[in-house]
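In what follows, a structure is listed as structure tokens, so that the remarks can point back to it.
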Amino acid sequence: MPTQKPATLDVLARYPRMTRWFGLGLLIKLAWRVAIAELFGRFADGRLMVAALDKSTEADLAAAASAHLPGGSDEAFTPDGDGALWIDYVADLGDGFDATFAIASLMARETLVVGEHATRRGRLLVMGGDEVYPLASQENYQQRLRDPYDWAFPDPDPESDSGPLVYAIPGNHDWYDGLVLFLGLLTRRDRLHLGGWRSRQGRSYFALQLTQDWWLWAVDAQLDNTIDQPQRDYFSAIAEAMEPDAHVILCGPEPGWLYTRDPDSKSLEVYDLIGDILRAKCPMAQIPLVLSGDTHHYSRYIGATSGVQFVTAGGGGGFLEATHHLKDEIAINRGDPNVELRWSADQKLLHAYDATTGEPAAWPSRADSLSMLRGVLAFAFLNPGFAAALGCVYALFGLIALGIGHLSAAVVALIVATASFQDYTRRQEGSRARVKLLSLLNGSAHSLAFVGLVEIFLRFAPLAPNETITNAAMLLAWLALAGGAVAGTLFGVYLYVSSRWLDIGHVDAFSAMRRDSHRHFLRLRIKGDEVTVYPIGLARTPRRNEWRANPAPSPAEPSAFVADPPLAAQLIETPFVARAIAQP
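The numbering used here puts the first residue of the sequence shown at 1106, with every later residue one more than the last.
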């Protein structure tokens, strides 16, 4: 769809807000989409179809990857007067309008001063996955991605293809329709104008030469962390054309280093595979910087052996996620001394610290994350629809109790609840002993709650003699209403305990709260053998009624709407440097 004129403030009020992840209708849609995507994904892989239609030779692919250099056929990466090239990175962006538009507005400014540092808009914008939530649809891509970015950086010349570039890799939410809409938007023949940004993308993965020494590789690992053969061939062809000692910024769809506690996670294998492809052709090549989204917080780790910087930055618009569970040290090898990241020789990663404050490189801070977690205890209030559904389950057990007695029904409830929680949690966290124990405790709590509610009803309800149907209806209504409040509260307690003490359930706990704060993106300055990374944050997202039409758009503030009070960008931590080590 073409760029739309900015909406009026009245129309803007109807734009999407943060996704209600525990909405019953959405949960059903997500379950259906995920099942279909996982079932047919391998047989209808959009990556394979696009690659099959691409008639480019290996030489063509390599030439396209280098075309944006100064003097190239499609010059775009022109350095500043001091020889530095700026690029921007954002991930997990297309959720509520306010956060997505706010971050896009900051990135659109020609210059952005944070602290004592003057930064420049990137010549390239890299989107690191999950461009829309919760599901890929025409409406979501329009309202949650296109419109916010079109209006944050209104197209200065719709007839021209010149301007800063935008490239993107898909996340799991982009894959739930088989990647159809993502490919249709970003890989089309008529070049996409995303506001003032321009797309040149041909596939869902890409490699770009940024300077004579630096490259950026961005990987699409589908839903099950697999790299298809055409993608392997593509990166092999690119590596063949690179200098043997090239430096690579690697962008992946998941921060596999944060998922090592899940024995089923294959995220790190993706990074190893890409590293193997690179090193096979360029044995002296280095990957000093690894970027990923998927987890909606900011954190940074450093390879204990290599010094490689591993950065998670999923703050473009999705609900905020926890940091209180982050470890001071991550065992990449999962306890096996013979296992390491092949391309970096790291067996463990160490949590990085702010060079100025000495605080852990995480946003929100661990203390703030723990404080926020208490909000999930109000789960029933925050997610009334889900709580009502739980109340209906209690009423169903009440119906069973009418036939076999409430104590027998409680046993049924215990078995069903325990099995349900174990199956759900296992899918999220793996089959660990603590998952089984927590599921049993959770099932027991709901079983006892059911018995307690029935006992309260039998003791205090004004039961009418010989009115069996009336009494039964009263019991079921009581279980549905009171059971919803009790079960919803118990679910919140379960999420709190899981995240606070058992190191599981962090995503569910924070998605239930839909916290719209601590937004961020990365601004990278590349010069010589160094990449200086500026993690730029926005602690507070404007409310919908705080947007105003921009009376005087300018390069310093091009967006169609401005916030009142103004957006307050800040440095999350002192800018840090990812450096290529000089080869002997």
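C-beta atoms are modelled at their ideal positions from N, C-alpha and C, and glycine is treated no differently. None of these values were measured; they are calculated from a predicted model.
Next on the checklist: Please return the same chain residues whose Cβ sits closer than 8 angstroms to the Cβ of Tyr1458, not counting the five positions on each side in sequence.
Outcome noted: For the purposes of this step, residue 1458 is taken as the residue at position 353 of the sequence shown. Glu1464, Pro1465, Ala1466.
Next on the checklist: Quick check: the Cα distance between Arg1125 and Asn1488, rounded to an integer number of angstroms?
Outcome noted: Mapped onto the sequence shown, residue 1125 falls at position 20. Mapped onto the sequence shown, residue 1488 falls at position 383. Roughly 8 angstroms between the two C-alpha positions.
Next on the checklist: So, under 8 angstroms CB-CB, Leu1297 and Leu1290 are touching, yes? Tell me the CB distance rounded to an integer number of Å.
Outcome noted: To locate residue 1297, count along the sequence shown from 1; it is residue 192. To locate residue 1290, count along the sequence shown from 1; it is residue 185. Between Leu1290 and Leu1297 the Cβ distance is about 6 angstroms, and since that is below 8 angstroms, they are a contact.
Checklist entry - Ends of the alpha helix (DSSP H) at Gly1283? => result Here the question's residue 1283 lines up with position 178 in the sequence shown. Run containing Gly1283: none; DSSP gives neither H nor E here.
Checklist entry - Can you pull the DSSP bridge partners for Glu1635? => result Start at 1 with the first residue of the sequence shown, and residue 1635 comes out as number 530. Glu1635 is bridged to Lys1632, Arg1684.
Next on the checklist: How far does the beta strand (DSSP E) with Pro1253 in it extend, from its first residue to its last?
Outcome noted: Along the sequence shown, one-based indexing puts residue 1253 at 148. Per DSSP, Pro1253 belongs to no beta strand (DSSP E); it is in the alpha helix (DSSP H), 1252-1257.
Checklist entry - Trp1126 by DSSP, collapsed to three states: which one? => result Your numbering for residue 1126 matches position 21 in the sequence shown. In this structure, Trp1126 counts as coil in the three-state DSSP scheme.
Next on the checklist: Please return the same chain residues whose Cβ sits closer than 7 angstroms to the Cβ of Val1667, not counting the five positions on each side in sequence.
Outcome noted: Position 562 of the sequence shown, counted from the start, is the residue given in the question as residue 1667. The answer, listed in chain order, is Arg1653, Asn1655.
Next on the checklist: Give me the DSSP bridge partner(s) of Arg1418.
Outcome noted: Stepping through the sequence shown from its first residue, residue 1418 is reached at position 313. Checking the sequence shown, residue 1418 turns out to be Ala, not Arg. Bridge partners of Ala1418: Tyr1403.
Next on the checklist: Between the alpha carbons of Leu1313 and Val1324, how many angstroms are there, rounded?
Outcome noted: Reading the sequence shown from its first residue, position 208 is the one you call residue 1313. Reading the sequence shown from its first residue, position 219 is the one you call residue 1324. Whole-angstrom Cα-Cα distance: 12 angstroms.
Checklist entry - What's the gap between the Cα of Gly1610 and the Cα of Ser1603? => result Residue 1610 sits at position 505 when you count from the first residue of the sequence shown. Residue 1603 sits at position 498 when you count from the first residue of the sequence shown. Here the alpha carbons of Ser1603 and Gly1610 stand approximately 6 angstroms from one another.
Next on the checklist: For Ser1404 and Leu1132, what's the separation of their Cα atoms in angstroms?
Outcome noted: Start at 1 with the first residue of the sequence shown, and residue 1404 comes out as number 299. Start at 1 with the first residue of the sequence shown, and residue 1132 comes out as number 27. Cα to Cα, the separation comes out at about 29 angstroms.
Checklist entry - What does DSSP give as the partner residues of His1352 in its beta bridges? => result For this step, residue 1352 is matched to residue 247 along the sequence shown. Answer by DSSP bridge pairing, in chain order: Trp1319, Gln1391.
Checklist entry - Thinking C-beta only, is Phe1258 closer than 8 angstroms to Ala1189? => result Locating residue 1189 in the sequence shown gives position 84, counting from the first residue. Locating residue 1258 in the sequence shown gives position 153, counting from the first residue. The answer is no: Cβ separation not under 8 angstroms.
Checklist entry - Is the CB-CB distance between Leu1455 and Ile1437 below 8 angstroms? => result Counting from 1 along the sequence shown, the entry for residue 1455 is found at position 350. Counting from 1 along the sequence shown, the entry for residue 1437 is found at position 332. Contact: no.
Next on the checklist: Taking the straight line between their C-alpha atoms, what separation do you get for Asp1260 and Ala1346?
Outcome noted: Counting from 1 along the sequence shown, the entry for residue 1260 is found at position 155. Counting from 1 along the sequence shown, the entry for residue 1346 is found at position 241. Their Cα atoms are separated by approximately 35 angstroms.
Next on the checklist: Check whether the region 1367-1376 and the region 1200-1209 touch, using three or more Cβ-Cβ pairs below 8 angstroms as the test.
Outcome noted: no
Item to check | Three-state secondary structure assigned by DSSP to Thr1113 | outcome: Locating residue 1113 in the sequence shown gives position 8, counting from the first residue. Three-state DSSP puts Thr1113 in coil, outside helix and strand.
Checklist entry - How big is the Cα-Cα spacing for Thr1410 and Asp1451? => result On the sequence shown, position 305 is the one that residue 1410 refers to. On the sequence shown, position 346 is the one that residue 1451 refers to. Taking the straight line from one Cα to the other gives about 5 angstroms.
Checklist entry - Considering only residues of the region 1185-1249, which uninterrupted alpha helix (DSSP H) runs meet the minimum length of 4 residues and lie entirely inside it, listed in chain order? => result 1202-1213, 1243-1246
Checklist entry - Which of helix, strand or coil does DSSP assign to His1611? => result For the purposes of this step, residue 1611 is taken as residue 506 along the sequence shown, with counting starting at 1. In the structure shown, His1611 sits in a helix (DSSP, three-state: H, G or I).
Checklist entry - DSSP state of Asp1066, grouped into three classes? => result Only positions 1106 to 1689 of the chain appear in the structure, and residue 1066 is not among them; the question remains open.
Next on the checklist: I need the DSSP call for Pro1640, collapsed to helix, strand or coil.
Outcome noted: In the sequence shown, residue 1640 corresponds to position 535, counting from 1. In the structure shown, Pro1640 sits in a strand (DSSP, three-state: E or B).
Checklist entry - Which residues in the same chain as Glu1651 place their Cβ atom closer than 6 angstroms to its Cβ, once the five residues preceding and following it in sequence are excluded? => result Sequence index remark: in the sequence shown, residue 1651 carries index 546 (1-based). Listed in chain order, the non-local C-beta contacts of Glu1651 below 6 angstroms within the same chain comprise Ala1668, Asp1669, local neighbours out to five positions each way being set aside.
Checklist entry - For Gly1423, which of helix, strand or coil comes out of DSSP? => result Numbered from 1 along the sequence shown, position 318 holds the residue referred to as residue 1423. DSSP places Gly1423 in coil when its eight states are reduced to three.
Item to check | Close beta carbons around Arg1122, own chain, < 6 angstroms, minus the five adjacent residues each side | outcome: Locating residue 1122 in the sequence shown gives position 17, counting from the first residue. Leaving aside the five residues that flank Arg1122 on each side, the residues in its chain whose CB is nearer than 6 angstroms to its CB run, in chain order, Gly1201.
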